[in-house]
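Below is one structure, written out as structure tokens; comments come after it.
There are 2 protein chains.
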Amino acid sequence: MGDSGSSARKGRRTARAAGTVTLQMVADAAGVSAASVSRILNGTATVSDDKRAAVDEAIARLGFVPNPVARGLAGGRTLSVGVVTQAIDSPFYGGALRGIEDTLGAAGYSPLFVSGRWSAAHEARCIEALRSRRVDGIIVLTGRLSDSALATLAREVPVVVTGRTMKAPHLAALDFDNCAGARLATEHLLGLGHRRIAYLSGDLKHPDGKDRLRGYREALAAAGVAYEPALVMPGDFTEGSGLASVEQLFASGQPFSAIFAANDQMAFGAGLALHRRGLRVPQDVSLVGFDDLASAVYSIPPLTTVHHPVYEQGQLAAQAMLLLLAGETPTLALPPPRLIVRESCSAPRASGRR
Amino acid sequence: MGDSGSSARKGRRTARAAGTVTLQMVADAAGVSAASVSRILNGTATVSDDKRAAVDEAIARLGFVPNPVARGLAGGRTLSVGVVTQAIDSPFYGGALRGIEDTLGAAGYSPLFVSGRWSAAHEARCIEALRSRRVDGIIVLTGRLSDSALATLAREVPVVVTGRTMKAPHLAALDFDNCAGARLATEHLLGLGHRRIAYLSGDLKHPDGKDRLRGYREALAAAGVAYEPALVMPGDFTEGSGLASVEQLFASGQPFSAIFAANDQMAFGAGLALHRRGLRVPQDVSLVGFDDLASAVYSIPPLTTVHHPVYEQGQLAAQAMLLLLAGETPTLALPPPRLIVRESCSAPRASGRR
DNA sequence: TTGTACGCGTTATCAC
DNA sequence: GTGATAACGCGTACAA
Numbered sequence: 006m007g008d009s010g011s012s013a014r015k016g017r018r019t020a021r022a023a024g025t026v027t028l029q030m031v032a033d034a035a036g037v038s039a040a041s042v043s044r045i046l047n048g049t050a051t052v053s054d055d056k057r058a059a060v061d062e063a064i065a066r067l068g069f070v071p072n073p074v075a076r077g078l079a080g081g082r083t084l085s086v087g088v089v090t091q092a093i094d095s096p097f098y099g100g101a102l103r104g105i106e107d108t109l110g111a112a113g114y115s116p117l118f119v120s121g122r123w124s125a126a127h128e129a130r131c132i133e134a135l136r137s138r139r140v141d142g143i144i145v146l147t148g149r150l151s152d153s154a155l156a157t158l159a160r161e162v163p164v165v166v167t168g169r170t171m172k173a174p175h176l177a178a179l180d181f182d183n184c185a186g187a188r189l190a191t192e193h194l195l196g197l198g199h200r201r202i203a204y205l206s207g208d209l210k211h212p213d214g215k216d217r218l219r220g221y222r223e224a225l226a227a228a229g230v231a232y233e234p235a236l237v238m239p240g241d242f243t244e245g246s247g248l249a250s251v252e253q254l255f256a257s258g259q260p261f262s263a264i265f266a267a268n269d270q271m272a273f274g275a276g277l278a279l280h281r282r283g284l285r286v287p288q289d290v291s292l293v294g295f296d297d298l299a300s301a302v303y304s305i306p307p308l309t310t311v312h313h314p315v316y317e318q319g320q321l322a323a324q325a326m327l328l329l330l331a332g333e334t335p336t337l338a339l340p341p342p343r344l345i346v347r348e349s350c351s352a353p354r355a356s357g358r359r
Numbered sequence: 006m007g008d009s010g011s012s013a014r015k016g017r018r019t020a021r022a023a024g025t026v027t028l029q030m031v032a033d034a035a036g037v038s039a040a041s042v043s044r045i046l047n048g049t050a051t052v053s054d055d056k057r058a059a060v061d062e063a064i065a066r067l068g069f070v071p072n073p074v075a076r077g078l079a080g081g082r083t084l085s086v087g088v089v090t091q092a093i094d095s096p097f098y099g100g101a102l103r104g105i106e107d108t109l110g111a112a113g114y115s116p117l118f119v120s121g122r123w124s125a126a127h128e129a130r131c132i133e134a135l136r137s138r139r140v141d142g143i144i145v146l147t148g149r150l151s152d153s154a155l156a157t158l159a160r161e162v163p164v165v166v167t168g169r170t171m172k173a174p175h176l177a178a179l180d181f182d183n184c185a186g187a188r189l190a191t192e193h194l195l196g197l198g199h200r201r202i203a204y205l206s207g208d209l210k211h212p213d214g215k216d217r218l219r220g221y222r223e224a225l226a227a228a229g230v231a232y233e234p235a236l237v238m239p240g241d242f243t244e245g246s247g248l249a250s251v252e253q254l255f256a257s258g259q260p261f262s263a264i265f266a267a268n269d270q271m272a273f274g275a276g277l278a279l280h281r282r283g284l285r286v287p288q289d290v291s292l293v294g295f296d297d298l299a300s301a302v303y304s305i306p307p308l309t310t311v312h313h314p315v316y317e318q319g320q321l322a323a324q325a326m327l328l329l330l331a332g333e334t335p336t337l338a339l340p341p342p343r344l345i346v347r348e349s350c351s352a353p354r355a356s357g358r359r
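Residue numbers (my numbering), protein chains in the order written: chain Z, 6 to 359; chain Y, 6 to 359.
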């Protein structure tokens with residue numbers, strides 16, 4: 006079929022958008038074959054300089070833009086990677102998404118964001134949808150799927166997962182030391198003289214929730230302070246649960262002089278509960294959060310919290326994915342947690358056993 | 006070529022992933038042509054019931070999932086729509102993204118989120134990227150592009166834009182009555198007895214910013230209260246600008262008894278500035294925000310604000326896009342603004358002219 | 001109603 | 001090095 010796809014054919018179909026410039030048109034304009042243009046575009050093979058120049062010129066002149074859809078069909082790569090979050094509007098994940106978008110975008114990849122809605126089942130469905138879209142890789146931000154499910158997934162497509170430590174082929178885990186962070190926060194309170202420190206736990210089915218509780222307990226143990234289960238309130242990382250937990254705490258009659266919340270959102274809820282009781286932070290009760298959300302700086306009072314480098318985490322996750330895609334084995338690590346001291350903590354009141 | 010694409014060919018390529026089930030396989034299994042399977046999948050034509058049953062069975066048995074990439078190439082549709090935000094991690098846009106994701110997903114479409122980074126130039130680049138990905142439509146959440154630029158874009162691909170009122174073919178604008186919302190907030194303060202109401206303006210280049218200022222002025226005028234330019238502080242919708250504005254306000258020596266911030270984030274910053282001065286909300290100064298972010302309920306004190314139905318806005322934007330894609334002309338409208346009265350406002354203090 | 005044949009735009013393989 | 005050519009998986013105009 007010598008017809009080099011030029012000009013008008015039989016005029017049958019019009020699936021092609023009007024002003025679309027195809028690779029074949031570039032080839033014709035440059036007087037080379039389509040294969041060569043493709044090779045130049047992808048650096049697949051060495052091409053003589055004069056042809057390359059002619060092709061570059063034609064590309065510029067015609068304003069050719071490769072079609073990722075066709076590229077995906079032919080090459081089996083879509084230059085897109087799926088990103089699974091729990092909720093796309095979570096203030097916690099936001100920064101990570103930005104980091105991912107920035108890093109992936111710079112490499113020519115596009116992120117496909119989906120929300121797992123805090124359910125392993127929905128998460129699995131999302132991943133199915135992403136796979137059907139033929140994403141080249143999948144980044145899971147602290148998902149609910151089991152390690153083995155992820156390892157299985159990684160056999161089919163490169164996977165990067167944050168918030169846990171695990172090893173598997175074609176999988177990179179990017180963990181943040183939540184335990185050390187929680188220790189930092191608890192030690193801060195301990196150092197201020199607090200002994201009865203309530204802990205507002207996050208979802209304990211969530212790895213972050215588990216590790217942070219562990220850090221709290223470790224710090225207590227290291228300081229020789231007895232662990233008091235009645236001071237640990239279950240929660241789910243939402244403001245509402247923080248508020249409810251503190252109210253339960255009061256109802257239980259357990260005395261406490263400080264509260265460590267497993268994340269900032271719960272700390273905000275706790276702050277409101279305290280406010281409702283007419284208690285001031287930090288004069289009456291000290292409060293520490295975790296994550297260092299953007300809004301923590303502007304809470305009243307500004308919240309002392311553990312900084313979680315979410316943007317960097319997003320960048321690193323994307324870099325790890327890029328490495329995996331290139332066939333390499335990434336060995337990236339997140340910076341250690343830092344405590345950001347603001348204004349929500351002070352020494353416990355001398356009087357009373359609040 | 007009677008070769009019905011069955012089993013092993015010459016084993017040349019392996020772009021096809023291992024366990025991939027193609028439409029052709031389904032056709033073979035059901036004893037019909039690929040065309041019929043396609044027709045059944047898309048409801049393109051009437052197919053006899055027995056064939057349909059056979060195909061359905063084969064699809065279920067083989068676990069066939071259509072390949073959107075191939076579908077995009079052949080049909081010219083990718084079942085994906087681009088969504089342009091200013092920042093994907095903005096607490097304001099978050100809810101809208103969720104609404105879009107939910108509604109689009111239910112219809113089989115996938116959203117492609119990109120961040121315009123508050124710059125018209127970057128926004129234009131993002132749209133280019135989306136177009137090169139062959140999205141079927143583009144939703145712009147209160148972008149910075151000019152109306153005419155959007156109208157031009159709409160000639161090539163269906164467009165839904167929020168935050169402005171405009172008319173153009175293949176374009177749906179979904180405006181929220183920011184002006185009425187701002188009036189509501191200002192009237193509330195006025196009704197409480199406030200006369201010197203400071204206004205923390207958002208970005209005035211942003212349509213939302215313009216309209217909200219207008220609402221503030223209209224309410225003032227309607228109440229016969231003189232507009233005082235010195236009480237209007239420029240801002241940019243961030244917490245930091247809210248804080249800075251209030252500090253400037255104090256520096257200027259202008260008396261005021263209430264503050265209306267053009268969005269909740271600025272209200273939070275204002276709250277902190279007040280706190281730093283030892284002023285209490287609402288006893289010393291009343292504070293009203295705009296948007297009703299999720300965190301407004303948990304701020305201290307809970308913020309009185311104008312509810313902006315962002316989630317519904319996302320849903321409606323997606324619905325409008327779906328309609329546009331179906332060749333219809335959507336006529337959807339957002340609910341009118343409502344004032345959410347919480348605890349950040351009270352009557353001005355009788356004494357003093359603060 | 002159903003099958004045939006072709007095309008969507010690109011990449012990969014093979015032969016030169 | 002370079003050019004044909006065959007996929008990639010599906011949609012659809014046309015013929016039957």
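Heads up, the beta-carbon is just placed ideally off N, CA and C, and yes, glycines get one too.
**Prompt:** Residues of chain Z with a CB under 7 Å from the CB of Leu78(Y): which are they?
**Reply:** Here residue 78(Y) corresponds to residue number 73 of the second sequence, with the count starting at 1. Per Cβ cutoff of 7 Å: Val74, Ala75 and Leu78.
**Prompt:** Is the beta carbon of Asn183(Y) less than 8 Å from the beta carbon of Arg217(Y)?
**Reply:** Taking the first residue of the second sequence as 1, we reach residue 183(Y) at position 178. Taking the first residue of the second sequence as 1, we reach residue 217(Y) at position 212. Yes, Cβ-Cβ distance for Asn183(Y) and Arg217(Y) is below 8 Å.
**Asked** Per DSSP, what kind of secondary structure is Ser115(Y) in: helix, strand or coil?
**Response** Counted from its first residue, the second sequence places residue 115(Y) at position 110. Three-state result, Ser115(Y): strand.
**Rounded separation between Arg201(Y) and Gly283(Z) - CA only** = The residue labelled residue 201(Y) in the question sits at position 196 within the second sequence. The residue labelled residue 283(Z) in the question sits at position 278 within the first sequence. Each residue's alpha carbon lies about 29 Å from the other.
**Asked** Any residues in the region 43-66 of chain Y with a beta carbon nearer than 9 Å to a beta carbon of chain Z? Which ones, in chain order?
**Response** For the region 43-66 of chain Y, which is checked against every Cβ of chain Z, not one residue is closer than 9 Å.
**From Ala263(Z), Ala228(Z) and Gly104(Z), residue whose alpha carbon lies closest to that of Met326(Z)** = Taking the first sequence and counting its residues from 1, one reaches residue 326(Z) at position 321. Among Ala263(Z), Ala228(Z) and Gly104(Z), the Cα nearest to that of Met326(Z) belongs to Gly104(Z).
**Asked** In its own chain, which residues sit with a C-beta less than 7 Å from the C-beta of Gly77(Z), not counting the 5 before and 5 after it?
**Response** Counting from one through the first sequence, the residue named residue 77(Z) turns up at place 72. Excluding sequence neighbours, Gly77(Z) sits near Thr83 and Arg139.
**Asked** Taking the alpha carbon of Gly168(Y) as the point to measure from, which residue in Val74(Y), Ala159(Y) and Leu146(Y) has its own alpha carbon closest?
**Response** Position 163 of the second sequence, counted from the start, is the residue given in the question as residue 168(Y). It is Leu146(Y) whose Cα lies nearest to the Cα of Gly168(Y).
**Message:** If you reduce the DSSP assignment to three classes, tell me which class Val60(Y) lands in.
**Reply:** Sequence index remark: in the second sequence, residue 60(Y) carries index 55 (1-based). In this structure, Val60(Y) counts as helix in the three-state DSSP scheme.
**Asked** Mind checking if Val70(Z) is an interface residue toward chain Y, Cβ cutoff 8 Å exclusive?
**Response** Residue 70(Z) sits at position 65 when you count from the first residue of the first sequence. For Val70(Z), the answer is yes, since a Cβ of chain Y falls inside 8 Å of its Cβ.
**Prompt:** Hey, quick one: how far does the beta strand (DSSP E) through Tyr232(Y) stretch, first residue to last?
**Reply:** Taking the second sequence and counting its residues from 1, one reaches residue 232(Y) at position 227. From DSSP, Tyr232(Y) is part of no beta strand (DSSP E); its letter is neither H nor E.
**Item:** Where Ile305(Z) meets chain Y, residues with beta-carbon distance less than 7 Å
**Value:** Stepping through the first sequence from its first residue, residue 305(Z) is reached at position 300. Gly276, Leu277, His280 and Ile305, listed in chain order.
**Asked** To the nearest angstrom, how far is it from the Cα of Glu62(Z) to the Cα of Asp54(Z)?
**Response** Here residue 62(Z) is taken as the residue at index 57 of the first sequence, counted from 1. Here residue 54(Z) is taken as the residue at index 49 of the first sequence, counted from 1. A straight line joining the alpha-carbon of Glu62(Z) with that of Asp54(Z) spans about 12 Å.
**Prompt:** So is Asp94(Z) in contact with chain Y if we call contact Cβ pairs under 8 Å?
**Reply:** Along the first sequence, one-based indexing puts residue 94(Z) at 89. So yes, Asp94(Z) belongs to the interface.
**Item:** Close-in-space but distant-in-sequence residues of the same chain around Leu189(Y) (CB under 7 Å, 5 per side omitted)
**Value:** Reading the second sequence from its first residue, position 184 is the one you call residue 189(Y). Around Leu189(Y): Val311, Pro342 and Leu344.
**Prompt:** Going by the CB atoms, is the gap between Val86(Y) and Ile143(Y) shorter than 8 Å?
**Reply:** As a first step, residue 143(Y) must be located in the second sequence, where it is residue number 138. As a first step, residue 86(Y) must be located in the second sequence, where it is residue number 81. Result yes, Cβ atoms of Ile143(Y) and Val86(Y) sit closer than 8 Å.
**Asked** Do Cys350(Z) and Pro287(Z) come within 8 Å of each other at the CB atom, strictly closer than that value?
**Response** The residue given as residue 287(Z) occupies position 282 in the first sequence. The residue given as residue 350(Z) occupies position 345 in the first sequence. Taking 8 Å as the Cβ cut-off, Pro287(Z) and Cys350(Z) qualify as a contacting pair.
**Contact with chain Z by Thr27(Y), beta-carbon distance below 8 Å** = Indexing the second sequence from 1 puts residue 27(Y) at position 22. It does not: the Cβ of Thr27(Y) has no partner Cβ on chain Z nearer than 8 Å.
**Item:** Ser120(Z): contacting residues in chain Y (beta-carbon distance under 8 Å)
**Value:** Looking up residue 120(Z) in the first sequence gives position 115. By Cβ distance, chain Y contributes Arg103 and Glu106.
**Prompt:** Can we say the region 202-211 of chain Y touches the region 260-269 of chain Y, given the rule of at least three CB pairs closer than 8 Å?
**Reply:** With the cut-off at 8 Å, the region 202-211 of chain Y and the region 260-269 of chain Y touch.
**Request:** List the residues that DSSP assigns as beta-bridge partners of Ala366(Y).
**Result:** Residue 366(Y) is absent from the model: chain Y starts at 6 and stops at 359.
**Item:** Own chain partners of Gly68(Y) with C-beta closer than 8 Å, once the 5 adjacent residues on each side are dropped
**Value:** In the second sequence, the residue the question calls residue 68(Y) occupies position 63. Closer than 8 Å at Cβ, skipping near neighbours: Val26.
**Prompt:** Whose C-beta lies closer than 6 Å to the C-beta of Gly319(Z) among residues of the same chain, with five residues either side of it excluded?
**Reply:** Residue 319(Z) sits at position 314 when you count from the first residue of the first sequence. Only Ala101, Gly104 and Ile105 meet the Cβ criterion.
**Prompt:** Going by the beta-carbon positions, is the gap between Pro174(Z) and Ala159(Z) smaller than 8 Å?
**Reply:** Mapped onto the first sequence, residue 174(Z) falls at position 169. Mapped onto the first sequence, residue 159(Z) falls at position 154. In this structure, Pro174(Z) places its C-beta atom within 8 Å of the C-beta atom of Ala159(Z).
**Request:** In angstroms with no decimal places, state the Cα-to-Cα distance between Gln157(Z) and Pro163(Z).
**Result:** Residue numbering aside, residue 157(Z) sits at position 152 when the first sequence is read from its first letter. Residue numbering aside, residue 163(Z) sits at position 158 when the first sequence is read from its first letter. Here residue 157(Z) is Thr; the residue named in the question, Gln, does not match the sequence. Taking the straight line joining both Cα atoms gives about 11 Å.
**Message:** Which residues of the region 144-174 of chain Y have a Cβ closer than 7 Å to any Cβ of chain Z? Give them in chain order.
**Reply:** Those residues of the region 144-174 of chain Y that come within reach of chain Z (Cβ to Cβ, closer than 7 Å) do not exist; the list is empty.
**Prompt:** Within the 8 Å Cβ cut-off, does Thr83(Z) reach chain Y?
**Reply:** As a position in the first sequence, residue 83(Z) is number 78, starting the count at 1. Answer yes: the Cβ-Cβ gap between Thr83(Z) and chain Y drops below 8 Å somewhere.
**Request:** Output the distance between the C-alpha atoms of Ile264(Z) and Thr108(Y), rounded to the nearest integer angstrom.
**Result:** Numbered from its first residue, the first sequence carries residue 264(Z) at position 259. Numbered from its first residue, the second sequence carries residue 108(Y) at position 103. Going by the C-alpha atoms only, they are around 40 Å apart.
**Message:** On the DSSP letters alone, give me the boundaries of the beta strand (DSSP E) that Ala355(Y) sits inside.
**Reply:** On the second sequence, residue 355(Y) is found 350 positions in, with the first residue counted as 1. Unbroken run through Ala355(Y): none, as it is neither H nor E.
**Item:** Whole-number beta carbon distance between His193(Y) and Val290(Y), since they are thought to touch under 8 Å
**Value:** The count along the second sequence starts at 1 and reaches residue 290(Y) at position 285. The count along the second sequence starts at 1 and reaches residue 193(Y) at position 188. Distance from Val290(Y) to His193(Y) at the Cβ level is roughly 15 Å; contact not present, criterion being Cβ atoms closer than 8 Å.
**Request:** Would you list, in sequence order, the uninterrupted beta strand (DSSP E) runs of no fewer than 3 residues that lie entirely inside the region 34-90 of chain Z?
**Result:** Those beta strand (DSSP E) runs which fall completely within the region 34-90 of chain Z and span 3+ residues are 85-90.
**Prompt:** Which residues, taken in chain order from the region 234-267 of chain Y, show a beta carbon closer than 9 Å to some beta carbon of chain Z?
**Reply:** Within the region 234-267 of chain Y, the qualifying residues are Glu244, Gly245, Gly247 and Leu248.
**Request:** Return the residue from the list Ala59(Z), Ile93(Z), Ala126(Z) and Leu135(Z) that minimises the CA-CA distance to Arg149(Z).
**Result:** Along the first sequence, read from residue 1 onward, the residue named residue 149(Z) stands at position 144. With distances taken between CA atoms, Arg149(Z) lies nearest to Ala126(Z) out of Ala59(Z), Ile93(Z), Ala126(Z) and Leu135(Z).
**Message:** Is there a C-beta anywhere in chain Y that falls below 8 Å from the one on Ser291(Z)?
**Reply:** As a working mapping, residue 291(Z) is identified with position 286 in the first sequence. Under the Cβ criterion of 8 Å, Ser291(Z) is not counted among the residues facing chain Y.
**Request:** Kindly indicate if chain Y contains any beta-carbon less than 8 Å away from that of Leu330(Z).
**Result:** On the first sequence, residue 330(Z) is found 325 positions in, with the first residue counted as 1. Using a Cβ-Cβ cut-off of 8 Å, Leu330(Z) does not count as an interface residue toward chain Y, since no Cβ of chain Y sits closer than that to its own.
**Asked** If we ignore side chains and look at the alpha-carbon of each, how far apart do Pro335(Z) and Val89(Y) end up?
**Response** Counting from 1 along the first sequence, the entry for residue 335(Z) is found at position 330. Counting from 1 along the second sequence, the entry for residue 89(Y) is found at position 84. Those two C-alpha atoms are separated by around 31 Å.
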